[in-house]
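Step one of this worksheet: look at the structure below.
Number of protein chains: 2
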Amino acid sequence: MRIGLGQFNSVVGDLSGNCERMRGIYEQAVRAGVELLVFPELAVCGYPPEDLLYKKSFLRDSRLAVENLAAECPGTTIVAGFAEECCGNKYNAAAVLRDGRISCIYRKGMLPNYGVFDEQRYFSAGGEAVVIDVGAAAVAITICFDIWNIDWLAGFLDASGNIDMVVNISASPFHMGKIAKREETIGRCAKRLRCGVAYCNLVGGQDELIFDGRSMLCDSSGAVVAKAAAFDEDLLIADIDVSRRGGAEIAVVGTPAEQPGDVLDEIYEALVLGTRDYTRKNGFEKVLLGLSGGIDSAVTAAIAADALGAENVVGISMPSKFNSAETRSDAEKLARNLGIEFLEIQIETTLAQFDEALKTFKGWDTKGLAYENLQARIRGCILMSLSNQAGLLVLTTGNKSETAVGYSTLYGDTAGGFGIIKDVLKTVVYQLAERINAKAGREIIPPAVITRAPSAELREDQKDSDSLPDYDLLDEILKGYVEEDKSARELIESGLPDEIVRKVIRLVDRNEYKRRLCPPGIRITPKAFGKDRRLPITNRYDSGKSTG
Amino acid sequence: MRIGLGQFNSVVGDLSGNCERMRGIYEQAVRAGVELLVFPELAVCGYPPEDLLYKKSFLRDSRLAVENLAAECPGTTIVAGFAEECCGNKYNAAAVLRDGRISCIYRKGMLPNYGVFDEQRYFSAGGEAVVIDVGAAAVAITICFDIWNIDWLAGFLDASGNIDMVVNISASPFHMGKIAKREETIGRCAKRLRCGVAYCNLVGGQDELIFDGRSMLCDSSGAVVAKAAAFDEDLLIADIDVSRRGGAEIAVVGTPAEQPGDVLDEIYEALVLGTRDYTRKNGFEKVLLGLSGGIDSAVTAAIAADALGAENVVGISMPSKFNSAETRSDAEKLARNLGIEFLEIQIETTLAQFDEALKTFKGWDTKGLAYENLQARIRGCILMSLSNQAGLLVLTTGNKSETAVGYSTLYGDTAGGFGIIKDVLKTVVYQLAERINAKAGREIIPPAVITRAPSAELREDQKDSDSLPDYDLLDEILKGYVEEDKSARELIESGLPDEIVRKVIRLVDRNEYKRRLCPPGIRITPKAFGKDRRLPITNRYDSGKSTG
């Protein structure tokens, strides 16, 4: 039996566009002799459709789209995810398309409702296994989370007789380290059920989520035999021989895609894909960002140029009297290295004018935080004005470390539409900078940008280290507290300094309001500041003090 | 049996503060001879604690807090909600405190996971009924949603023998019309189970949610015998006579609290409570807002002055050349009427300076939207600067109608910390203005502010009606589309004009990104732009065109 895994980049809500893309892949698959063509979870409507699922017309249109797809693709068996409404219930479903119609429907049994997932908000759980015959093979259909609890799945499929292959259609979001967990899960499934597993994952960016593709074929020994492209569309084709009892043999047709070299490559590719998809899927051609001469805006600009083309990126330097000649020249050098458009707009006179106006207010001064923030806000105004004037998307440049502790100006440097490195810790931003230069084989990010001590340059001789612990230490605390839900005590007992741990935790907790008002960004860790971390703004629990 | 319903204003995360408040109510109740004292759902930790529930220390501290509360309040039976961890599962639980210890624990059986609720994200469902004896009465403990599905509850309690009273501890958020649904639900429960119902609801504001209290006692005929205060703390005490078989008689002790006169009063009180609680619980004394001389900022200022005291509200007029002498003088008049501090800061010179700086950009002009938005952004800068300088919370003044269609400037008039009227449609803003004057018995909001055609005053002779349909029509479409999830076709078939319906729907859909970046505000409708409406930003589904 020849199988094809059609991992493609669906767009949420674009029913006709997604089906058109699937028809294209179908034609390619038919030419290649594929007998079973598999598309990802909710392929028809994109994932996650969120509250679009509350619209009756959306569910009706989805059903029509699947029926049309079936009619237009009669030449092979297709498994495609769609949102089904039936008898007042909604299901996360897989339609099996055959002979021009929907031949049967499998409904997801395990609905994840944790992390970024809210599936129990929308869907009812299905209760019936679906096993189809393709050639000589008995193929069980499953959807994403169904295979993550293998005891449940084994029980669920127990009465279904012999199974040669499990097909799993997925929309499994990327984060660092996720691929190993997926391989383990798929291998466990294969070994437990003694069958092959064909895993088709979504690819593409959707708001904060990245789906990384890497669809897989796994034989009944639990070994991954082939992987589709990472962070790109692909059609992975293989022949499955199920003639040997209790085992599926898999022979890939063609050359499998190259895989990312290491985690840093993975992160980089995720950021490029996320940037391209958020920008293009939301109808923007070009982006705009402030270039300070610092590391964050440099890495952001480099990724944007790779994702969208240098001709679609505009960098603006907006110096005040606090910006050194060195950083200003590094900003320009970076723009030249990338080949992006570069502008300089001075903010000194505007700052002076604001200062004049604000003197009306008793107590206004030019020494404190308000005056520092004002500089960032003037820059925000300039970026948003040019965005409005020319229809460019403004990229924010805040990293995860500063987003965590609120080291940013609300409505200042946080003003924009999308934050590429919002979930990237500062220490990883530096690693990305080195990697960007290494990949290019020449200087993209000027070396001084990498070696200079980080500064917001909002007052004389300011350094990040005046306000924050060293980034190595800060990032270690943030990783433990934010991503691993560790308590102050656990972190301190692991050897981190007591006072700094508690201070950082308090900063994280107190800045929930600020993070809530930051634009979306790309999730690359197990816990980003997005749908996966839902903390109240009004919150008097003192995690820094707690006994735990 | 004498019962007390201790509806109090808990603070999320403030375990010790909430328990201290409960101890105070306990002392009051003991003095009044109360034998069963009931506190709201999750009273110990506040509702909803969201991802605080993922912190092990939070759950451990919660358990300690309940145990302390039990030890300190041995003089009567208490039912108090808390978050329980047991054997790796988390429960939304009610502890029964007796003789200085936790005597038993009921675990919520029905976990809502729709609208603003995410309880299946955190909690496992309990499976065992708890019926306690208080004097001669058999009292079944339930939590909030448990009584909303009466068939489930009747089955659940079926094996529990005779029940004289159902106690329900709740955290039921307010929206217009909710009280009638609650009365219906509680009455249905009483009639079906042939017993009295004692319903204790939370009161207070928590981020976007308002809990309105109005705890209730209902006899076995289904009639509500007494209601506690609306939007305020209260201890409702009554004697329950269960000596008659199959019926509970209820006699209230003292005079029940006055209830709001109508829906407009309800909304007003909800907004006042929400403003006070968001401000105070987040540690702010004073607030700051721009006064344009328009209706939105006038109503916002009046509510803030009522909630926080006139001495804690600062209004700033920030005129440009496009602001008429009339609106400028109305802003000042309003401030005088309210007795709040008033400042005027001109923005004309700053605007000219920005314009000068932005000319660097090819294509910049002073005729279009970018120049209009710039004025709003300069005002945002001024407000945020003063907020930073003096520690004031900035109130935004956008109403629901403009928030829906994106008639606002991102990082301009949407810049701030809290939006009082974010969920109030423009037509209701006018009603509130009239009511504010009527309540005061004098002019608070100058009549011209109410009668003048609304304008953003960002260009010469601008009127809202240049860009938007009349607010009567706009609000009707928004109510149908946003709050009732109606489709374009349903709205058009109900008689609304085809072209305008589709245009408004497209505006709502396209402005999801902008709403995502607005500060929180107070929810007063069945569907606000908050946790209850979760739409993707990246979304190509065209609800305006759809066939539904």
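Chains as they are written, first to last, in the numbering used here: chain A, 3 to 550; chain B, 3 to 550. Backbone N, C-alpha and C define an ideal beta-carbon position, used for all residues, glycine too.
*From the DSSP output, in three-state form, read off residue 415 of chain B for me.*
Position 413 of the second sequence, counting from 1, holds the residue named residue 415 of chain B. Of the three classes helix, strand and coil, the one that applies to residue 415 of chain B here is coil, per DSSP.
*Could you tell me which of A/504, A/481 and A/500 sits nearest to residue 530 of chain A, measuring between CA atoms?*
Stepping through the first sequence from its first residue, residue 530 of chain A is reached at position 528. Minimum Cα distance to residue 530 of chain A is reached at A/481.
*Count the CB pairs spanning the region 75-87 of chain B and the region 32-47 of chain B that are closer than 8 Å, and state whether there are at least three.*
yes
_Whether or not the region 43-62 of chain B and the region 13-23 of chain B are in contact is what I'm after, with contact meaning three or more pairs of Cβ atoms, one per stretch, closer than 8 Å; do they touch?_
yes
_Quick check for students: name the residue ranges of the beta strand (DSSP E) that lie wholly in the region 463-542 of chain A, counting only runs of 3 or more._
none
*Since residue 70 of chain B sits in a beta bridge, which residues does DSSP pair it with?*
Numbered from 1 along the second sequence, position 68 holds the residue referred to as residue 70 of chain B. The partner list for residue 70 of chain B (beta bridge, DSSP) is empty, contrary to what the question assumes.
_Do residue 213 of chain A and residue 174 of chain A have their beta-carbon atoms positioned less than 8 Å apart in this structure?_
Numbered from 1 along the first sequence, position 172 holds the residue referred to as residue 174 of chain A. Numbered from 1 along the first sequence, position 211 holds the residue referred to as residue 213 of chain A. For the 8 Å CB-CB criterion, residue 174 of chain A and residue 213 of chain A form a contact.
*Could you tell me whether the Cβ atoms of residue 271 of chain B and residue 10 of chain B are closer together than 8 Å?*
Along the second sequence, read from residue 1 onward, the residue named residue 271 of chain B stands at position 269. Along the second sequence, read from residue 1 onward, the residue named residue 10 of chain B stands at position 8. No. Outside cutoff.
_Report the CB separation of residue 273 of chain A from residue 305 of chain A in whole angstroms; it is logged as a contact under 8 Å._
Mapped onto the first sequence, residue 273 of chain A falls at position 271. Mapped onto the first sequence, residue 305 of chain A falls at position 303. Between residue 305 of chain A and residue 273 of chain A the Cβ distance is about 5 Å, and since that is below 8 Å, they are a contact.
*First through last residue of the alpha helix (DSSP H) which encompasses residue 386 of chain A*: Position 384 of the first sequence, counting from 1, holds the residue named residue 386 of chain A. Segment 371-392, the alpha helix (DSSP H) holding residue 386 of chain A.
_Beta-carbon separation (whole angstroms), residue 297 of chain B vs residue 435 of chain B, contact threshold 8 Å_ = For the purposes of this step, residue 297 of chain B is taken as residue 295 along the second sequence, with counting starting at 1. For the purposes of this step, residue 435 of chain B is taken as residue 433 along the second sequence, with counting starting at 1. Confirmed, Cβ separation roughly 6 Å.
*Kindly identify the DSSP beta-bridge partner or partners of residue 243 of chain A.*
Taking the first sequence and counting its residues from 1, one reaches residue 243 of chain A at position 241. The partner list for residue 243 of chain A (beta bridge, DSSP) reads A/251.
*Note down, one range per segment and in chain order, each alpha helix (DSSP H) of at least 4 residues found wholly within the region 252-332 of chain A.*
265-283 and 297-310
*When we look at the beta-carbon of residue 335 of chain A and count the other beta-carbons within 10 Å, is it buried (16 or more) or exposed?*
Translated into the one-based positions of the first sequence, residue 335 of chain A becomes position 333. So residue 335 of chain A counts as buried.
_Spatial distance of residue 617 of chain A from residue 383 of chain B (CA atoms)_ = Beyond the ends of chain A as shown, which are 3 and 550, falls residue 617 of chain A; an answer cannot be given.
*In chain B, which residues lie less than 8 Å from residue 201 of chain A when you measure between Cβ atoms?*
Along the first sequence, one-based indexing puts residue 201 of chain A at 199. Chain B residues near residue 201 of chain A: none, gap ~25 Å exceeds 8 Å.
*asked:* Can you check which of these residues, A/348, A/364 and A/363, is closest to residue 378 of chain A by C-alpha distance?
replied: Residue mapping note: residue 378 of chain A aligns to position 376 of the first sequence, counting from 1. Checking every option, the nearest Cα to that of residue 378 of chain A belongs to A/348.
*Does any CB atom of chain B fall closer than 8 Å to the CB of residue 413 of chain A?*
Here residue 413 of chain A is taken as the residue at index 411 of the first sequence, counted from 1. Yes - at least one Cβ of chain B is within 8 Å of the one on residue 413 of chain A.
_Contact the region 135-146 of chain A vs the region 162-169 of chain A: 3+ CB pairs below 8 Å_ = yes
*Could you pull out every residue in the same chain whose Cβ sits closer than 7 Å to the Cβ of residue 97 of chain B, ignoring the five residues on either side in sequence?*
Your numbering for residue 97 of chain B matches position 95 in the second sequence. Correct list, in chain order: 68, 82, 84, 104 and 107.
_residue 525 of chain A versus A/479, A/466, A/472 and A/426, residue with shortest Cα-Cα distance_ = Locating residue 525 of chain A in the first sequence gives position 523, counting from the first residue. Residue A/426 is the option with its Cα nearest to residue 525 of chain A.
*Which residues mark the beginning and the end of the alpha helix (DSSP H) in which residue 124 of chain A is found?*
Numbered from 1 along the first sequence, position 122 holds the residue referred to as residue 124 of chain A. Residues 121-124.
_Rounded to whole angstroms, what is the Cα-Cα separation between residue 277 of chain B and residue 431 of chain B?_
Your numbering for residue 277 of chain B matches position 275 in the second sequence. Your numbering for residue 431 of chain B matches position 429 in the second sequence. Cα to Cα, residue 277 of chain B sits roughly 16 Å from residue 431 of chain B.
*Using a Cβ cut-off of 8 Å (strictly closer), state whether residue 366 of chain B contacts chain A.*
Within the second sequence, residue 366 of chain B is the residue found at index 364, counting from 1. By this cut-off, residue 366 of chain B is an interface position.
*To which residues does DSSP link residue 428 of chain B through a beta bridge?*
Residue numbering aside, residue 428 of chain B sits at position 426 when the second sequence is read from its first letter. BP columns for residue 428 of chain B are empty, so no partner.
_If distances are taken between C-alpha atoms only, which option among B/307, B/368 and B/330 comes closest to residue 340 of chain B?_
Taking the second sequence and counting its residues from 1, the one referred to as residue 340 of chain B is at position 338. Residue B/307 is the option with its Cα nearest to residue 340 of chain B.
*Given that a residue counts as buried once 16 or more other Cβ atoms are within 10 Å of its Cβ, and exposed if not, what is residue 424 of chain B?*
The sequence position of residue 424 of chain B within the second sequence is 422, counting from 1. Flag for residue 424 of chain B reads buried.
*Give, in chain order, every residue of the region 39-68 of chain A whose Cβ lies closer than 9 Å to some Cβ of chain B.*
47, 48, 50, 51, 52, 53, 54, 56, 57, 58, 59, 60, 61, 62, 63 and 66
*In angstroms with no decimal places, state the Cα-to-Cα distance between residue 242 of chain A and residue 8 of chain A.*
Walking along the first sequence from the start, residue 242 of chain A turns up at place 240. Walking along the first sequence from the start, residue 8 of chain A turns up at place 6. Rounded to the nearest angstrom, the two C-alpha atoms are 16 Å apart.
*Determine, using beta carbons only, whether residue 417 of chain B comes closer than 8 Å to chain A.*
On the second sequence, position 415 is the one that residue 417 of chain B refers to. Closer than 8 Å to the CB of residue 417 of chain B there is at least one CB belonging to chain A.
*CA-to-CA distance, residue 237 of chain A to residue 185 of chain A, given in whole angstroms*: Locating residue 185 of chain A in the first sequence gives position 183, counting from the first residue. Locating residue 237 of chain A in the first sequence gives position 235, counting from the first residue. A direct Cα-Cα distance of roughly 19 Å separates residue 185 of chain A from residue 237 of chain A.
*Quick one, which residues of the region 378-394 of chain A are near chain B if we go by CB-CB under 9 Å, in chain order?*
Contacts with chain B (Cβ-Cβ distance below 9 Å) from the region 378-394 of chain A involve 379, 380, 382, 383, 384, 386, 387, 388, 389, 390, 391 and 392, listed in chain order.
*Whose Cβ in chain B lies nearer than 8 Å to the Cβ of residue 375 of chain A?*
Your numbering for residue 375 of chain A matches position 373 in the first sequence. Correct list: 386, 387 and 390.
*Determine, using beta carbons only, whether residue 348 of chain A comes closer than 8 Å to chain B.*
The sequence position of residue 348 of chain A within the first sequence is 346, counting from 1. Closer than 8 Å to some Cβ of chain B, the Cβ of residue 348 of chain A qualifies, so yes.
*asked:* So if I threshold CB-CB distances at 8 Å, which residues from the region 115-130 of chain A count as touching chain B?
replied: Per Cβ criterion, the list reads 115, 116, 120, 122 and 123.
*Along the chain, which unbroken stretches of the alpha helix (DSSP H) at least 4 residues long are found entirely within the region 88-131 of chain A?*
Whole alpha helix (DSSP H) segments, 4+ residues: 121-124.
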